[in-house]
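Note sheet for the following structure.
Protein chains in written order, with our numbering: chain A, 164 to 279; chain E, 96 to 210.
Written out as structure tokens, the structure is:
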């Protein structure tokens with residue numbers, strides 16, 4: 164079946180611009196996660212949704228970053244006034260409900276964001 | 096911060112078994128040990144997880160030490176397609192010790208497989 168889909172796969176933007184990154188989770192998965200991965204590092208947690216609500220946004224680095232999931236399915240990560248330090252691969256993952264804390268996460272292949 | 100320690104890199108020959116170690120000395124009694132791997136230009140992929148007993152699935156085996164302070168991911172016959180970064184992960188806990196939904200990745204072990 165279809166996995167987690169992230170669009171675009173690559174995004175180049177100029178410093179100061181606004182960007183939106185989209186995540187389509189696996190159908191029926193109620194949990195959705197955003198991670199960010201810099202070169203040579205492991206993924207870093209940003210935010211976790213259970214349904215429509217952000218259950219944990221403690222990983223968002225500052226108020227330029229915001230994420231929504233209005234209907235409990237597709238999620239959008241929004242970055243305002245981008246900075247060169249925001250350049251990274253942004254990964255989305257989903258997992259099914261009812262599996263508890265140990266349900267495996269299914270990751271997409273990420274969006275590579277480059278801020279020039 | 097990552098709560099696990101892994102070697103930065105390891106090398107294996109094709110068709111041979113690979114043992115990837117992980118130390119997690121601060122693990123709590125109810126923490127599961129999770130393993131994911133990340134192939135080049137892809138997102139992480141779930142491999143296996145376990146609590147106390149050794150676990151097997153079609154991808155790998157997980158051997159957990161009796162004191163649970165270390166574990167080993169075993170690939171029984173490495174192939175070139177197993178070349179990846181392997182992450183050993185514990186879930187984050189709150190300041191009060193409760194489990195959270197965050198997987199905290201470290202930098203993992205880069206496995207190279209030689210033909």
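From the three backbone atoms N, C-alpha and C, an ideal C-beta is built for every residue, glycine too.
In chain order, 114, 116, 158 place their CB closer than 6 Å to the CB of residue 167 of chain E, counting only its own chain and leaving out the 5 sequence neighbours on each side.
Pairing residue 185 of chain A with residue 167 of chain A, the inter-Cα distance amounts to about 11 Å. What residue 229 of chain A touches in chain E, judged by beta-carbon distance under 8 Å, is nothing: the nearest beta carbon there is about 19 Å away.
Between residue 211 of chain A and residue 222 of chain A, the alpha-carbon positions lie close to 9 Å from each other.
Judged by DSSP in its simplified three-state form, residue 265 of chain A adopts helix. Taking the Cα of residue 154 of chain E as reference, the smallest distance to any Cα among E/147, E/164, E/143, E/162 is reached at E/143. In this structure residue 256 of chain A is buried. Its beta-carbon is surrounded by 16 or more other beta-carbon atoms within 10 angstroms. In terms of beta-carbon proximity, residue 187 of chain A stays away from the interface with chain E, with every pair separated by 8 Å or more. Interface criterion not met: the Cβ of residue 99 of chain E is under 8 Å from no Cβ in chain A.
A distance of 8 Å or more separates the beta carbons of residue 109 of chain E and residue 204 of chain E. At a cut-off of 8 Å between beta carbons, residue 173 of chain A makes no contact with chain E. For residue 99 of chain E, the number of other beta carbons within 10 angstroms of its own is at least 16, and it is reported as buried. Rounded to the nearest whole angstrom, the CA to CA distance from residue 136 of chain E to residue 120 of chain E is 31 Å. For residue 232 of chain A, the CB contacts under 7 Å within the same chain, skipping 5 residues up- and downstream, are 195, 212, 215, 238 in chain order.
Per DSSP, reduced to three states, the secondary structure at residue 124 of chain E is coil, with no helix or strand assignment. Look at residue 248 of chain A here: in three-state DSSP terms it is helix. Under the Cβ criterion of 8 Å, residue 181 of chain E is not counted among the residues facing chain A.
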